[in-house]
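In terms of our numbering, the sequence shown is residues 30 to 208. All remarks here apply to the structure that follows.
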Amino acid sequence: LVGLDPSSRPHSRGFVYTYIVPKRASTAHPPAEPSPALRLLDLEGGLNARDVGGYVCLDRRRLRWRTLLRSGRTDRLTPKGVSTLASMGVRSVIDLRHDHEADAYPSVLARAPGMRYARIPLYFDHALLRDSGGPNTLADLYRDMLENARPGIADVMRALSQPDAYPVLVHCTAGKDRT
C-alpha cells in the first residue's frame, strides 16, 4: 500500500475519507470525493452507519451503492432503524465483535426477520499490542490484524461470497477499524 498523505485526504463535515491504493496502481486520478449525503445512512438509533458503494476498484469500476454497508454497534437501533435496513433489502448482517462486546451490547439484528445474522469475531486490543511492542499506528494495527486475524477474515470472506448474502451490513462496535 502506498503511504497515506494526510494533506491528500478530502474532508467533509468532519469526516475523513481515506483512499488505499495498491503500490502499482496509478494515483494520478484519485476517485472523486464521495458525497456524505450518499455515504451516510440515516438509521434511527444507529451508530456511524455508512454505505461503502461508489469507491473505485482496481478495474476502474465502482462498488455498487446500497450493497455493502458498514456501521458501529446495532444494539440501539430502533424498530424504524431496523425497518430502514429491511427496506434497503439487507439480507445479511456480519457482526465482527468479540464475545464481551456482543454480550454487553446485543445486536437487535440478531433477531431481525429476513436477515441472516453471523457473528465472526475479529478482535484486537490496540493498547495491549502497543504496550507489548506491537503496532503503534493505525497502519501498523491494520497490518497486524491482517496477519493475526486470518481465520476470521477468511470466515467473513466466505460469508460475503454466498450468492444471496447481499445487501449486507458489516458492523463492529465503533464501525471504523474492523469494518
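Backbone N, C-alpha and C define an ideal beta-carbon position, used for all residues, glycine too. Values in this document were obtained by computation on a predicted structure and should not be read as measured data.
In DSSP terms, what residue i is bridged to
| i | result |
| --- | --- |
| Y84 | None; Y84 has no bridge partner. |
| R123 | Reading off the sequence shown, one finds Ile at residue 123, where the question assumed Arg. In the DSSP output, where bridge partners are listed per residue, I123 has A147 and V199. |
| L69 | R79 |
| S100 | H200 |
| R91 | V85 |
Euclidean distance between Cα positions of residue i and residue j
| i | j | result |
| --- | --- | --- |
| A141 | V119 | 10 Å |
| Y195 | L97 | 7 Å |
| S121 | L114 | 10 Å |
| L138 | V185 | 17 Å |
| A188 | A147 | 8 Å |
| S55 | V81 | Residue confidence for S55 is low, a pLDDT of 42 falling below 50, so the modelled location carries little weight and cannot support an answer. |
| S190 | L92 | 15 Å |
| W94 | E73 | 20 Å |
| H127 | R90 | 34 Å |
| S107 | P192 | Note that residue 107 corresponds to Thr in the displayed sequence, not to Ser. Each residue's alpha carbon lies about 29 Å from the other. |
| Y134 | V197 | 20 Å |
| V85 | L170 | 24 Å |
| G101 | I123 | 11 Å |
| H129 | G83 | 34 Å |
| R179 | D173 | 10 Å |
| S136 | T202 | 10 Å |
| R145 | D132 | 19 Å |
| S214 | A183 | Within the shown structure, residues of the chain are numbered from 30 to 208, placing residue 214 beyond reach of any answer. |
| L167 | N77 | 19 Å |
Nearest-angstrom beta carbon gap, residue j and residue i [assumed within contact, 8 Å]
| i | j | result |
| --- | --- | --- |
| G110 | L151 | With a Cβ gap of about 23 Å, G110 and L151 do not count as contacting. |
| R79 | L87 | Wrong, their Cβ atoms sit about 21 Å apart, outside the cutoff. |
| V199 | R68 | About 15 Å; that fails the 8 Å criterion. |
| G75 | T103 | 7 Å |
| L175 | I149 | That pair is no contact at about 15 Å. |
Whole runs of the beta strand (DSSP E) within the stretch 168 to 200, excluding any shorter than 3 residues: 197 to 200
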